[in-house]
Amino acid sequence: MRPRALLTAFALSLSLFLPQLFLPRAGQASERAITYSAALEDLRSRDKELASTIGDEVQKQMELARKQQGDGVVVGHLTFDNGPVRPDNIATPVRLLKKDYFVLGVKRFNQPLIFAAEGCKTATLDLTEYKSENDIVWLGDVKLPRMAPGDESFITGTITDAGSKEGLAAHVEVSIDPIKQMSNRVSAFNYDAWMARKESTADDTGKFKIGALPAGRYSIYVADDKHAAYKQSVNLDQGSTLDLGKIELAPKRLVELELLQLSDSNTRQLRSLTETVFTLPTGSSIRIDRMKGGLRLSVDQGSLYAECLGMGDMKKLTDGIKKDHQSMNFASELEIQPDFVYLACDVGEKENWLALRFHFPE
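For the record, in the sequence shown the residue sitting at position 297 is 316 according to my numbering, with numbers rising by one throughout.
Here's what the structure looks like:
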């Protein structure tokens, strides 16, 4: 072979070999261009069992995503900057597979995905920057930087009774609020929106302090058994302490709810199906919304549910609401009397009535 031919052959061999030599691997910055199948094949060469587990979980989550009309699933590996993450360190309800891999169904690929863990800064991913293959996105390593001393922020406040003004040892829950923080809904049907949560209980004087929080937008939820829940959204700066001041909780009023089926819409003879006792804040109004398999009772500062699933005729009644009323205001379908609310429903060819009876004990 002549020298020129030798040089051409050597250059050709390099052109075939070099791309394999410098193929990006998971964990590198260029991993956003790696497809799920390529990453899984690379993983299979090192851990067949893990690759098989991930493949099965992807199939399961993809089926769930399709049922929920989602865009697909994401697959990745969760780590701290200084080593692998431990499941007990994660403040999010994500299910970690072997070696801290995860598979998560997402609703929309064009919306951000937020990861959070206690003692760490949040990690926000723009899924549009990653390569999608058959509605599967490979995220590679998702790193959660630890917060340095001085980075932690705190939320404080004092909880009191709105009437007596006395301190309340109420329950306090703080959660990251990615919906308002990102001006978009962070999606995850099988998990709770990837929110970090911290809980505490105020002392006897009503004072509480929740800390080691990263900067961001937060939802504050305060409640106890005898008072209406309090909700507020706040912005928390890095390394700051936000004092909410006095949080007054309104006392609740006991209400007894009785669900009844009216077997004859003309005579309206009542047949009691079940009784449920719940509470309402004093002065709250009741709004009834249609739900599949149930009725939702909403009040001013929270939601109460009268579930009708698994109750035989009750489920048929609520599933059989007239379709021609879909575009109407639900309140127009109700007949309200002093202590009854009647809801007309279709079951087969017969019109039935569902009644909600409210008792207000002194």
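All residues carry an ideal CB built from backbone N, CA and C; glycine is no exception. Please read these numbers as outputs of a predicted model, since none were measured by experiment.
Just so you know, the alpha carbons of GLN88 and LYS126 end up roughly 7 Å apart.
Counting only the Cα atoms, ALA189 lies some 7 Å from ILE178. Assignment of beta-bridge partners to ASN153 by DSSP yields no partner. When secondary structure is reduced to three states using DSSP, GLU218 falls in the strand class. Note that the C-beta distance between ALA242 and LEU187 is not below 8 Å. The region 253-266 and the region 226-238 touch, with three or more beta-carbon pairs separated by less than 8 Å. Contact annotation: ASP170 and GLY258 have beta-carbon atoms nearer than 8 Å. Bridge pairing for GLN251: ILE239 [DSSP].
In the three-state DSSP reduction, LEU62 falls in the helix class (H, G or I). Here DSSP, grouped into helix, strand and coil, assigns ALA167 to coil.
Looking only at GLU192, THR98, ASN129, VAL122, the smallest Cα-Cα distance to GLU218 is reached by GLU192.
For GLU185, the three-state secondary structure derived from DSSP is coil. The alpha-carbon separation between HIS246 and LYS184 amounts to approximately 13 Å. Ranked by how close their Cα comes to the Cα of ILE73, the residues GLU267, SER151, TYR120, ASP90 have TYR120 in first place. In the DSSP secondary-structure assignment, PRO270 is bridged to HIS246. If you look at ILE53, you'll find it isn't in any alpha helix (DSSP H); DSSP assigns it neither H nor E.
Taking the Cβ atoms as the reference, VAL94 lies roughly 6 Å from TRP157, within the contact range of under 8 Å. The secondary-structure analysis by DSSP pairs PHE134 across a beta bridge with ALA142. By the beta-carbon neighbour count (other beta carbons within 10 angstroms, threshold 16), GLY264 is exposed. Between LEU123 and GLN80, the C-beta gap is smaller than 8 Å, which places the two residues in contact. Per DSSP, reduced to three states, the secondary structure at LYS228 is strand.
In the DSSP annotation of this structure, the continuous segment of the alpha helix (DSSP H) that includes LEU83 starts and ends at 67-86.
For ASP180, the enclosing beta strand (DSSP E) has its first and last residue at 172-180. Residue burial is scored here from C-beta neighbours: ALA167 has fewer than 16 other C-beta atoms within 10 angstroms and is therefore classed as exposed. For PHE227, the closest C-alpha among the options LEU62, LEU261, ASP244 is that of LEU261. By the Cβ-count criterion, THR141 is buried, with 16 or more other Cβ atoms from all chains shown falling within 10 Å of its own Cβ.
A straight line joining the alpha-carbon of PHE128 with that of TYR249 spans about 33 Å. Judged by beta-carbon spacing, LYS162 lies beyond the 8 Å limit of ILE53, meaning their Cβ atoms are not closer than that value. In the structure shown, LYS265 adopts extended strand secondary structure according to DSSP, grouped into three states.
Across the set SER172, GLU68, ILE133, the C-alpha of GLU68 shows the shortest separation from the C-alpha of LYS118. Approximately 7 Å separates the beta-carbon atoms of LEU232 and ILE174; this is inside 8 Å, confirming the contact.
For ASP154, the closest of GLN78, SER172, GLU60 by C-alpha to C-alpha distance is GLN78.
The beta carbon of GLU148 sits closer than 7 Å to the beta carbons of ARG51 from its chain, once the five residues preceding and following it are set aside; these are given in chain order. The C-beta separation of SER64 from GLU152 comes to about 19 Å, leaving the pair out of contact by the 8 Å criterion. Note on geometry: alpha-carbon atoms of PRO164 and SER194 lie some 19 Å from one another.
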